[in-house]
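Residue numbers (the numbering used here), protein chains in the order written: chain A, 23 to 95; chain B, 6 to 318.
Here it is, written out as structure tokens:
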């Protein structure tokens with residue numbers, strides 16, 4: 023019972039928490055580690071939420087049936 | 006006087022007198038110099054003649070709605086509502102998306118369902134960024150009262166011994182170069198980039214007030230002021246910025262997004278667009294809310310009873 027609940031929590035909040043942590047890392051990495059690799063890491067981390075959004079929008083546009091199947095499974 | 010760290014330019018701000026400046030802020034005059042050539046890049050009267058530019062207009066609108074201090078306080082309150090809206094949005098995200106897979110955008114069902122899913126996806130994906138920009142926005146709008154608090158407490162305390170000293174005149178000032186060296190030595194090699202001259206606003210009538218900035222990546226945003234007696238050239242005090250001024254200084258880059266090159270600015274603009282869609286779709290979802298929610302709201306206002314929350318689909 024508790025395991026099921028924990029896994030459903032991860033399913034629902036895994037992505038939001040992961041993206042939030044990536045965003046915070048991206049915001050701070052350019053601020054604390056100046057220039058070079060830290061800027062690239064910052065750009066990559068802050069692009070992550072945008073890429074995730076783009077991915078899901080493309081998916082919704084392409085195959086609406088895909089998500090319908092995913093939901094019923 | 007302010008020496009820019011990001012561009013080879015220096016700003017010198019002047020006024021006929023402290024009283025004249027207090028009476029009419031338009032008496033303040035500034036000149037922007039090129040630090041490589043000494044050339045004059047911009048003068049205040051010239052930029053005033055050229056009229057309000059788009060960026061200046063947007064900045065003023067964004068900071069104070071052209072309403073000065075009350076406008077700043079109003080926008081700080083709006084930013085607070087923005088942050089509260091994000092918080093309540095997270096609280097609603099849980100019950101409303103329990104059954105759906107992350108990122109599901111249903112298009113076939115109805116227009117409202119589509120925008121509902123889009124609102125959830127965009128909102129939850131950008132929530133950390135929007136929260137940071139919202140909170141730092143509140144901080145930035147609070148800069149006027151925070152500086153007032155610092156002046157009334159820390160700066161006033163440091164100046165208390167000078168209360169009965171005669172005012173300083175322009176003819177007996179200690180050399181500025183020496184004051185800068187004294188201040189930098191007193192602040193562990195911080196770089197002085199902002200100097201408030203004796204008698205200027207946000208300064209001291211008897212001192213050069215020199216803001217020393219850190220030279221490490223993070224401390225570059227943080228500055229502390231040193232007071233150097235403008236007559237003797239001796240250090241009076243280093244008045245470390247209190248935590249709320251440090252927080253204000255750190256909240257500037259995190260609100261402006263100007264610290265990671267052009268790619269960061271582009272990402273900033275895209276995330277901003279996402280937030281605008283979240284706000285717009287939120288408004289749409291409220292306007293186009295189902296009749297039963299409207300009826301429930303009406304019942305609630307009549308009887309004060311709160312209806313059970315209905316998860317969407």
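C-beta: ideal position from N, C-alpha, C; glycine also. It should be emphasised that the depicted structure is a prediction, and the values quoted were computed from it without experimental measurement.
8 Å Cβ cutoff, residue i in contact with chain B
i	result
residue 55 of chain A	yes
residue 79 of chain A	yes
residue 64 of chain A	yes
residue 32 of chain A	no
residue 75 of chain A	yes
residue 94 of chain A	Because the pLDDT at residue 94 of chain A is just 43, under 50, the model does not fix this residue reliably, and the value given afterwards should be weighed accordingly. No, because no Cβ of chain B sits closer than 8 Å to the Cβ of residue 94 of chain A.
Secondary structure of residue i, DSSP reduced to three states
i	result
residue 82 of chain B	helix
residue 234 of chain B	strand
residue 165 of chain B	helix
residue 106 of chain B	coil
residue 244 of chain B	coil
residue 119 of chain B	helix
residue 228 of chain B	strand
residue 98 of chain B	helix
residue 38 of chain B	strand
residue 48 of chain B	strand
residue 70 of chain B	coil
residue 33 of chain B	coil
residue 213 of chain B	strand
residue 19 of chain B	strand
residue 33 of chain A	helix
residue 6 of chain B	coil
residue 218 of chain B	strand
residue 254 of chain B	helix
Distance CB(residue i)-CB(residue j) smaller than 8 Å
i	j	result
residue 251 of chain B	residue 214 of chain B	no
residue 196 of chain B	residue 189 of chain B	yes
residue 146 of chain B	residue 80 of chain B	yes
residue 64 of chain A	residue 269 of chain B	yes
residue 283 of chain B	residue 82 of chain A	no
residue 37 of chain A	residue 107 of chain B	yes
residue 264 of chain B	residue 52 of chain A	yes
residue 74 of chain B	residue 131 of chain B	no
residue 133 of chain B	residue 66 of chain A	no
residue 276 of chain B	residue 79 of chain A	no
residue 173 of chain B	residue 210 of chain B	yes
residue 160 of chain B	residue 243 of chain B	no
residue 35 of chain B	residue 46 of chain B	no
residue 88 of chain B	residue 139 of chain B	yes
Residue environment, residue i, which counts as buried when at least 16 other CB atoms sit within 10 Å
i	result
residue 21 of chain B	exposed
residue 281 of chain B	exposed
residue 286 of chain B	buried
residue 234 of chain B	buried
residue 239 of chain B	exposed
residue 175 of chain B	exposed
residue 10 of chain B	exposed
residue 207 of chain B	exposed
residue 278 of chain B	exposed
residue 77 of chain B	buried
residue 212 of chain B	buried
residue 102 of chain B	buried
residue 155 of chain B	buried
residue 260 of chain B	buried
residue 216 of chain B	buried
residue 13 of chain B	exposed
residue 125 of chain B	buried
residue 205 of chain B	buried
residue 1 of chain B	Here chain B has residues from 6 to 318 only, and residue 1 of chain B is not among them.
C-beta neighbour in chain A for residue i, strict 8 Å
i	result
residue 12 of chain B	no
residue 91 of chain B	no
residue 127 of chain B	yes
residue 107 of chain B	yes
residue 133 of chain B	yes
residue 102 of chain B	yes
residue 6 of chain B	no
residue 88 of chain B	no
residue 130 of chain B	yes
residue 21 of chain B	no
residue 26 of chain B	no
residue 227 of chain B	no
residue 389 of chain B	This structure gives no information on residue 389 of chain B, because the portion of chain B shown stretches from 6 to 318.
residue 223 of chain B	yes
residue 137 of chain B	yes
residue 325 of chain B	The structure shown has nothing for residue 325 of chain B, since chain B only spans 6 to 318.
residue 272 of chain B	yes
residue 259 of chain B	yes
is_contact[residue i, chain E] using C-beta, thresh 8 Å
i	result
residue 110 of chain B	As a matter of chain content, chain E is missing from the structure shown, whose protein chains are A and B.
request  = Output the residue ranges of the beta strand (DSSP E) runs that lie fully inside the stretch 126-209 of chain B and measure 3 residues or longer, sorted by chain position.
outcome  = Whole beta strand (DSSP E) segments, 3+ residues: 196-201.
message = What ranges does the alpha helix (DSSP H) occupy inside the stretch 253-286 of chain B, keeping only unbroken runs of at least 4 residues that lie completely in it?
response = You should have found no qualifying run.
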